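Trainee: When we follow the working numbering, the leftmost residue of the sequence shown carries the number 23, and every step to the right adds one.
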Amino acid sequence: MWAGAYWGSIGVGRVVLGVVVDRVGADRLLRMATVVALLGTALFAVGPAWPGAAGLMLAGLGLAPIYPTLMSRTPARLGPSTAHAIGFQASAAMVGGAVLPSLGGVLAARVGLPSIGTLALITAAGLWLLHEMLVRSTRPRGTSDGA
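(1) On the CB-based measure, 16 or more other CB atoms within 10 Å of its CB, does isoleucine 144 come out buried or exposed?
(2) On the CB-based measure, 16 or more other CB atoms within 10 Å of its CB, does arginine 95 come out buried or exposed?
(3) Given a cut-off of 9 Å, decide if leucine 51 and leucine 83 are closer than it, judged by their beta-carbon atoms.
(4) Could you check where the alpha helix (DSSP H) with glycine 58 kicks off and where it finishes?
(5) Based on Cα-Cα distance, which residue from Trp29, Ala25, Thr160, Ser31 lies nearest to glycine 101?
(6) Just to confirm the assignment, what range does the alpha helix (DSSP H) spanning serine 124 have?
(7) In the DSSP assignment, find the alpha helix (DSSP H) that holds threonine 145 and state where it starts and stops.
(8) Short of 7 Å in beta carbon distance, which residues of its chain neighbour methionine 93, apart from the five on each side in sequence? Order them along the chain.
(9) Go through its chain and collect everything with a Cβ distance to valine 58's Cβ below 7 Å, but skip five positions before and after it.
(10) Which residue marks the beginning of the alpha helix (DSSP H) containing glycine 82, and which one marks its end?
(11) With distance defined between alpha-carbon atoms, name the residue in Thr63, Tyr89, Leu141 nearest to methionine 116.
(12) Within the chosen definition, does the segment 62-82 reach the segment 23-40 through at least 3 CB pairs nearer than 8 Å?
(13) Taking the alpha-carbon of arginine 36 as reference, which of Thr91, Ala71, Ala98 has the nearest alpha-carbon?
(14) Would you kindly check if the distance between the Cβ of proline 87 and the Cβ of alanine 55 is under 9 Å?
(15) Just verifying my parser: in three-state terms, what is the DSSP assignment at methionine 23?
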């Protein structure tokens, strides 16, 4: 049931936050989304029953806009290199979608189920860190979208 709530929050988040991006800007939305995902995974990692379930839904809302917003920002960040970068982004997403759940299963089998929450938290922290590094190292070409 809670897995369905997680995926439902991603669906709702994509619809709602797709409208919000026009008001706050892509980089600001991505920063807020990574923080929300980090908070949600922290709740999931440490929270029992209800707080953990709320954390899953919060993580889903935070993760919802990240992939489509990053894909939409690629042309502004890279200009003529866009085609290669978008192919790489899509491939990396597919590899991550296969590797991370597999790693979670291996960890759960060897260490126990709580390791899945820890893996989710570490992954969300890495996502936040990578986004902050991206924003600091690049500025979109020809835009003034604030971070």
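No residue lacks a Cβ here, since even glycine has one placed at the ideal position from N, Cα and C.
A quick note: this is a predicted structure, and the numbers were derived from the prediction, not measured.
Mentor: Concretely, from the data shown:
(1) exposed
(2) It is buried - the Cβ of arginine 95 has at least 16 other Cβ atoms within 10 Å.
(3) no
(4) It is worth fixing the name first, because residue 58 is valine in this sequence and not glycine. Unbroken alpha helix (DSSP H) run through valine 58: 48-68.
(5) Thr160
(6) 104-132
(7) 136-159
(8) Only Ile108, Gln111 meet the Cβ criterion.
(9) Leu80, Leu83, Gly84
(10) 71-85
(11) Cα-wise, what sits closest to methionine 116 is Tyr89.
(12) yes
(13) Thr91
(14) In this structure, proline 87 lies closer than 9 Å to alanine 55 by Cβ.
(15) Three-state DSSP puts methionine 23 in coil, outside helix and strand.
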